[in-house]
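Number of protein chains: 2
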Amino acid sequence: MTAPSGPRKGRPRNADADGAILAATREALAELGWGGLTMGDVAARAGVAKTTLYRRWPSKNELVVAAVAEQLDELEMADLGSLRADIEAVVAQFAALLSAPETQAALLALFAEATRDPLLRKRVRESIIEPQKRLVIAGRAAAQTRGELPMDSCEEMASAAVDIIFDTVAGTVVHRMLVSGEPATAEWISAFTTLLLAPLTEIAAG
Amino acid sequence: MTAPSGPRKGRPRNADADGAILAATREALAELGWGGLTMGDVAARAGVAKTTLYRRWPSKNELVVAAVAEQLDELEMADLGSLRADIEAVVAQFAALLSAPETQAALLALFAEATRDPLLRKRVRESIIEPQKRLVIAGRAAAQTRGELPMDSCEEMASAAVDIIFDTVAGTVVHRMLVSGEPATAEWISAFTTLLLAPLTEIAAG
DNA sequence: CGATATACGCTACGACTCGTAGCGAAAGAG
DNA sequence: CTCTTTCGCTACGAGTCGTAGCGTATATCG
Chain R
372 MTAPSGPRKG RPRNADADGA ILAATREALA ELGWGGLTMG DVAARAGVAK TTLYRRWPSK
432 NELVVAAVAE QLDELEMADL GSLRADIEAV VAQFAALLSA PETQAALLAL FAEATRDPLL
492 RKRVRESIIE PQKRLVIAGR AAAQTRGELP MDSCEEMASA AVDIIFDTVA GTVVHRMLVS
552 GEPATAEWIS AFTTLLLAPL TEIAAG
Chain S
372 MTAPSGPRKG RPRNADADGA ILAATREALA ELGWGGLTMG DVAARAGVAK TTLYRRWPSK
432 NELVVAAVAE QLDELEMADL GSLRADIEAV VAQFAALLSA PETQAALLAL FAEATRDPLL
492 RKRVRESIIE PQKRLVIAGR AAAQTRGELP MDSCEEMASA AVDIIFDTVA GTVVHRMLVS
552 GEPATAEWIS AFTTLLLAPL TEIAAG
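So the sequences go chain by chain: R and S. Heads up: the first sequence begins at 372 in the numbering used here, then just goes up one per residue. Heads up: the second sequence begins at 372 in the numbering used here, then just goes up one per residue.
Spelled out as structure tokens, the structure:
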């Protein structure tokens, strides 16, 4: 379904233009931010006319959402064999994602817009937040099968544990990368993981 | 120093206008977001002329920074007699403040703009982030006098501890309230405090 | 009291951006 | 060849930022 049955008659769209425009949007977003980004500038960077942008996306907001969504389709998670390694991998992944200036500006601009647009907020949560939560769930499950963490006594506690761990990891990394503005060095990741490991078993046990 | 010795001659500024303008800014920011907020609209809401805004703040950015900073000055650190109670109280305060839509939109819009504007980023850190560290400092001092935490072995370690604690608390609460969009229930606050208390003494001890 | 100095509201302005409309030309389908 | 769609280009109306000028209101100083 949703077969992209493009128009069968007429001049076809430039297939390369979409990627070039979205890349130019992310580039401009990194340099100028949401407010400083202009459609004319994006068009010039992509080497197309401004009217071409509006022919493919109805507004500046929609264009930026599409540009960020395309960027966030790369997220994955690996089982590294130990709880510490998995946590450090998750933290490093967050940090790497947030170290790109274009992602910083794009994500925060999206979050800001989402605070007053419930539809956009829902889309951000489903496309960005929940997938990251699955990383925590997978890591916990792997640690439990390895015997590093006790099995969940009940489903409710497990869900709460996932939420609190995710909020702490994501929140702290985001705060450090975006607010403090300091990079997540290997030393910092290791120290934060140590800090996180101490109470983890307690919470997991319930 | 920095005695705000205002001009001694000439018509004095309307003392009520500052508060009205900042309140109008937060209100407009909640309804329209950063991009939708206009200086003319803020002036109309506050019942002043647009030129009055520019007479008191040099730009839209600075006005929003001041509006958000004023909002966050409401936070206070209460001495409730135990470290756990103090932490839970300040987390609850912070969460309650961030549950207001106007604060959500304001903070996120500000952070988003700050990712591209180093000067604005610096202003945000100085006017909003750094002043809130006083809560951590006060809470730690109270806990130390009560004997719940050891005294600082050296100033450098104490400063690092304050930074880490603040980053974790602020980052986690902000993330949960603004990004995940879930309320900070009493259960969540209690669980997060437990998570925070375990490594706290280690860090404080150095 | 008058002179001085500042804040105020109002209007207008230049520069810039959004998003749209119209034009001729290009590129494919039937 | 004809029809349809996309393309780049130019121009436009509406709206915003931040500034300047003007007359007026309200304070301090001599």
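Ideal placement from N, C-alpha and C gives every residue a C-beta, glycine not left out. Keep in mind that this is a model prediction, so the values were computed, not measured.
Chain S within 8 Å of residue i, Cβ atoms only
i: alanine 483 of chain R; result: yes
i: alanine 386 of chain R; result: no
i: alanine 438 of chain R; result: no
i: alanine 420 of chain R; result: no
i: arginine 416 of chain R; result: no
i: arginine 346 of chain R; result: Not covered by the structure: residue 346 of chain R. The range shown for chain R is 372 to 577.
i: glycine 381 of chain R; result: no
i: serine 524 of chain R; result: no
i: leucine 520 of chain R; result: no
Residue i, buried or exposed, once every other Cβ within 10 Å from all chains shown has been counted against 16
i: glutamate 459 of chain R; result: buried
i: aspartate 387 of chain R; result: exposed
i: arginine 517 of chain S; result: exposed
i: arginine 492 of chain S; result: buried
i: methionine 372 of chain S; result: Confidence in methionine 372 of chain S is poor, its pLDDT being 44 and thus under 50, which makes the residue's placement too unreliable to answer from.
i: aspartate 444 of chain S; result: exposed
i: threonine 474 of chain S; result: buried
i: threonine 556 of chain R; result: exposed
i: threonine 422 of chain S; result: exposed
i: arginine 426 of chain R; result: exposed
i: alanine 485 of chain S; result: buried
i: alanine 438 of chain R; result: buried
i: glycine 404 of chain S; result: buried
i: alanine 476 of chain R; result: buried
i: arginine 382 of chain S; result: exposed
i: alanine 420 of chain R; result: exposed
i: alanine 417 of chain R; result: buried
i: alanine 467 of chain R; result: exposed
Test: residue i CB closer than 8 Å to a CB of chain R
i: leucine 446 of chain S; result: no
i: alanine 480 of chain S; result: yes
i: glycine 577 of chain S; result: Confidence at glycine 577 of chain S is low in this model, with a pLDDT of 42, below 50, so its placement is unreliable and no value can be given for it.
i: alanine 374 of chain S; result: Note that alanine 374 of chain S scores a pLDDT of 43, beneath 50, so its modelled location is shaky and nothing firm can be said.
Between the CA atoms of residue j and residue i - distance to the nearest angstrom
i: aspartate 450 of chain R; j: alanine 509 of chain R; result: 8 Å
i: isoleucine 560 of chain S; j: aspartate 534 of chain R; result: 12 Å
i: phenylalanine 465 of chain S; j: alanine 541 of chain S; result: 8 Å
i: valine 413 of chain S; j: valine 545 of chain R; result: 31 Å
i: methionine 332 of chain S; j: valine 495 of chain R; result: Residue 332 of chain S lies beyond the stretch modelled for chain S, which goes from 372 to 577, so this question has no answer here.
i: proline 375 of chain R; j: alanine 395 of chain R; result: Below a pLDDT of 50, predicted positions are generally treated as unreliable, and proline 375 of chain R, at 49, falls in that range; the measurement from the model is reported next regardless. Roughly 24 Å separates the two Cα atoms.
i: glutamate 553 of chain S; j: asparagine 432 of chain R; result: 25 Å
i: phenylalanine 563 of chain R; j: arginine 505 of chain R; result: 20 Å
i: arginine 397 of chain S; j: leucine 478 of chain R; result: 22 Å
i: serine 430 of chain R; j: methionine 410 of chain R; result: 9 Å
i: phenylalanine 482 of chain S; j: lysine 380 of chain R; result: 47 Å
i: methionine 522 of chain S; j: alanine 531 of chain S; result: 14 Å
i: arginine 384 of chain S; j: leucine 446 of chain S; result: 28 Å
i: valine 461 of chain S; j: leucine 454 of chain S; result: 11 Å
i: arginine 511 of chain S; j: threonine 565 of chain S; result: 16 Å
i: leucine 567 of chain S; j: leucine 400 of chain S; result: 33 Å
i: glycine 407 of chain R; j: alanine 463 of chain S; result: 36 Å
i: threonine 543 of chain R; j: serine 551 of chain S; result: 14 Å
i: serine 470 of chain R; j: arginine 547 of chain R; result: 11 Å
i: aspartate 538 of chain S; j: isoleucine 536 of chain R; result: 15 Å
i: cysteine 581 of chain R; j: isoleucine 500 of chain R; result: As displayed, chain R neither begins before 372 nor continues past 577, which places residue 581 of chain R out of reach and without an answer.
Partners in chain S for residue i, counting only beta-carbon separations shorter than 7 Å
i: aspartate 538 of chain R; result: Thr543, His546, Arg547 and Ser551
i: arginine 492 of chain R; result: Gly552
i: arginine 496 of chain R; result: Gly552
Neighbour list for residue i in chain R, Cβ cutoff strictly below 7 Å
i: alanine 395 of chain S; result: The contacting residues do not exist; alanine 395 of chain S stays about 17 Å from chain R at best.
i: leucine 463 of chain S; result: Per the sequence shown, residue 463 of chain S should be read as alanine rather than leucine. Result: empty, since nearest Cβ-Cβ is about 15 Å, beyond 7 Å.
Contact set between residue i and chain S, taken where Cβ atoms lie within less than 9 Å
i: isoleucine 500 of chain R; result: Val550, Ser551 and Gly552
Cross-chain neighbours of residue i in chain S, by beta carbon under 8 Å
i: alanine 514 of chain R; result: Ordered by position in chain S, no residue passes the 8 Å Cβ test against alanine 514 of chain R, which lies about 17 Å from the chain.
Contact list for residue i against chain R, beta-carbon separation under 9 Å
i: tryptophan 559 of chain S; result: Ala531, Asp534, Ile535 and Asp538
Residue i: CB within 7 Å of a non-hydrogen atom of the ligand COA
i: methionine 528 of chain R; result: For the ligand COA, the structure offers nothing, since it holds no ligand at all.
| query | Which whole runs of the alpha helix (DSSP H) in the segment 420-459 of chain R are 4 residues long or more, in chain order? | reply | Taking only runs of at least 4 residues, the alpha helix (DSSP H) segments lying wholly in the segment 420-459 of chain R are 421-427 and 431-442.
| query | Which ranges does the alpha helix (DSSP H) cover as unbroken runs of at least 4 residues, wholly within the segment 526-555 of chain S, from first to last along the chain? | reply | Given a length threshold of 4 residues, each whole run of the alpha helix (DSSP H) inside the segment 526-555 of chain S is given here in chain order: 526-545.
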